[in-house]
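One structure is given here, and the rest of the page talks about it.
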Amino acid sequence: MFVLAGAIMNTGGISRRLIDFASALLGFVRGGLAMVNVGTSLFFAEISGSAVADVAALGSILIPEMKRKGYPAPFAAAITSSSASLAIIIPPSIPMILYAAMADTSVVQLFVAGIVPGVVGGLLMMVLAWYFAVRYNFPVEQAFKLSRVWTTFKAAGLAFLLPMIILGGIFGGFMTATEGAALAVLASLLISFRYGELRWKKLRAAMVDGGVQTAVVMLLVASSALLGDFLTRAQLPQMLAAMIGDFTSNKYMVLALLNIFLLLIGMILHSAAAIILTVPIVMPLVMMVGIDPVHFGMIVTLNLAIGQQTPPWPAF
């Protein structure tokens with residue numbers, strides 16, 4: 001449902017309005033369009049909960065624009081996919097929902113725990129984008145104008161209500177994460193119709209686009225599940241978990257070793273398949289050494305987010 005909400009936002013003009021506002025705020029800085037990419041991904045992550053939806057919605061707009069403005073194509077693709085990975089850290093993260101089910105822990109606590117790492121990660125990406133922009137002389141978009149900031153803010157005003165409604169409802173205990181996803185779809189529809197950019201023909205295209213994006217995710221999950229089934233039959237995750245438990249009972253050493261283990265798993269498996277495969281196996285060890293399950297949930301999602309960007313098989 002979050003993926004469908006992202007497709008509707010893209011087709012209904014919401015994504016474009018958010019990009020225009022971010023561009024008005026940051027376009028005057030060298031490499032500003034790269035920062036716009038990260039900033040828009042941060043906002044979009046609060047609605048979609050899916051890195052694939054983030055890439056599909058924003059990449060189709062921002063990557064061609066960055067190439068047109070003189071940014072190297074590899075850099076444009078890298079900053080888009082890297083910033084999209086924030087969607088599995090910032091609430092409402094779909095992998096966090098899956099982890100909460102596998103580890104029998106609170107999804108709301110996981111959502112709260114993901115806010116600071118997600119925002120800090122986004123800010124650090126902006127700093128890195130600025131560094132590369134200065135080093136390689138990427139373009140400055142336009143002079144800062146307060147009037148343009150205000151105009152684009154008013155144009156995107158309704159879009160800013162989306163994360164407030166969704167996250168407010170989830171954190172306030174008024175709805176579950178699944179109900180929040182349904183509300184995201186409904187709110188995106190209403191706002192898109194209000195903007196006048198979504199007609200029935202475009203709505204059909206958005207539904208198809210959402211279905212295609214979901215199919216991509218399902219294909220990744222299915223492919224990863226096949227590999228996961230092989231690894232399970234080979235008892236590899238169980239052997240690694242047992243090796244870690246036999247090697248040390250110090251929780252900090254266990255955390256360090258599990259970080260490496262999860263990063264390697266994230267390099268070859270989609271986040272959903274990785275969580276389903278590994279979390280039930282390592283949770284007894286995690287609880288035995290006294291690691292907080294919410295803390296471990298953040299470690300899982302952060303490592304998988306990094307792993308999805310890392311060769312040999314980046315997920316995006």
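Under this note's numbering, the sequence shown has 73 at position 73, and the numbering climbs by one with no breaks.
Built from N, CA and C at the ideal position, the CB exists for glycine as well.
C-beta contact flag for residue i and residue j at 8 Å
{"i": "proline 91", "j": "leucine 302", "result": "no"}
{"i": "serine 192", "j": "isoleucine 47", "result": "no"}
{"i": "threonine 80", "j": "glycine 59", "result": "yes"}
{"i": "glycine 6", "j": "alanine 84", "result": "no"}
{"i": "isoleucine 299", "j": "leucine 255", "result": "yes"}
{"i": "leucine 258", "j": "isoleucine 244", "result": "yes"}
{"i": "serine 50", "j": "valine 3", "result": "yes"}
{"i": "leucine 110", "j": "alanine 45", "result": "no"}
{"i": "serine 249", "j": "valine 286", "result": "no"}
{"i": "isoleucine 88", "j": "leucine 304", "result": "yes"}
{"i": "leucine 183", "j": "glycine 168", "result": "no"}
{"i": "alanine 206", "j": "isoleucine 8", "result": "yes"}
{"i": "valine 38", "j": "serine 23", "result": "no"}
{"i": "valine 216", "j": "valine 52", "result": "yes"}
{"i": "glycine 297", "j": "alanine 101", "result": "no"}
{"i": "serine 188", "j": "glycine 70", "result": "no"}
{"i": "leucine 18", "j": "methionine 66", "result": "no"}
{"i": "isoleucine 166", "j": "glycine 157", "result": "no"}
{"i": "threonine 310", "j": "methionine 283", "result": "no"}
{"i": "valine 212", "j": "tyrosine 99", "result": "no"}
Under the three-state DSSP convention, the category residue i falls into
{"i": "serine 41", "result": "helix"}
{"i": "leucine 133", "result": "Checking the sequence shown, residue 133 turns out to be alanine, not leucine. Reduced to three states, the DSSP call for alanine 133 is helix."}
{"i": "leucine 198", "result": "coil"}
{"i": "valine 289", "result": "coil"}
{"i": "isoleucine 260", "result": "helix"}
{"i": "glycine 27", "result": "coil"}
{"i": "asparagine 10", "result": "helix"}
{"i": "serine 223", "result": "helix"}
{"i": "glutamine 238", "result": "helix"}
{"i": "serine 188", "result": "helix"}
{"i": "serine 65", "result": "Reading off the sequence, residue 65 comes out as glutamate, not serine. Three-state DSSP puts glutamate 65 in a helix."}
{"i": "methionine 175", "result": "coil"}
{"i": "proline 139", "result": "coil"}
{"i": "isoleucine 89", "result": "coil"}
{"i": "threonine 248", "result": "coil"}
{"i": "glutamine 308", "result": "coil"}
{"i": "leucine 124", "result": "helix"}
{"i": "glycine 49", "result": "coil"}
Bounding residues of the alpha helix (DSSP H) (the contiguous stretch that carries residue i)
{"i": "tyrosine 99", "result": "94-103"}
{"i": "proline 163", "result": "161-171"}
{"i": "proline 72", "result": "Per DSSP, proline 72 belongs to no alpha helix (DSSP H) and is neither H nor E."}
{"i": "leucine 146", "result": "146-155"}
*Does the stretch 137-156 come within contact of the stretch 166-178, defined as at least 3 CB pairs closer than 8 Å?*
Touching, no.
*Decide yes or no for the touch test of the stretch 251-265 against the stretch 65-78: beta carbon pairs closer than 8 Å, at least 3 of them.*
Cβ pair count under 8 Å is below three, so no.
*Cβ contact check for the stretch 24-40 and the stretch 140-151: 3 or more pairs under 8 Å*: They touch, by the three-pair rule.
*Inter-stretch contact (C-beta, 8 Å, three-pair minimum) for the stretch 91-108 and the stretch 268-279*: Yes, since at least three Cβ pairs between the stretch 91-108 and the stretch 268-279 fall closer than 8 Å, the two stretches touch.
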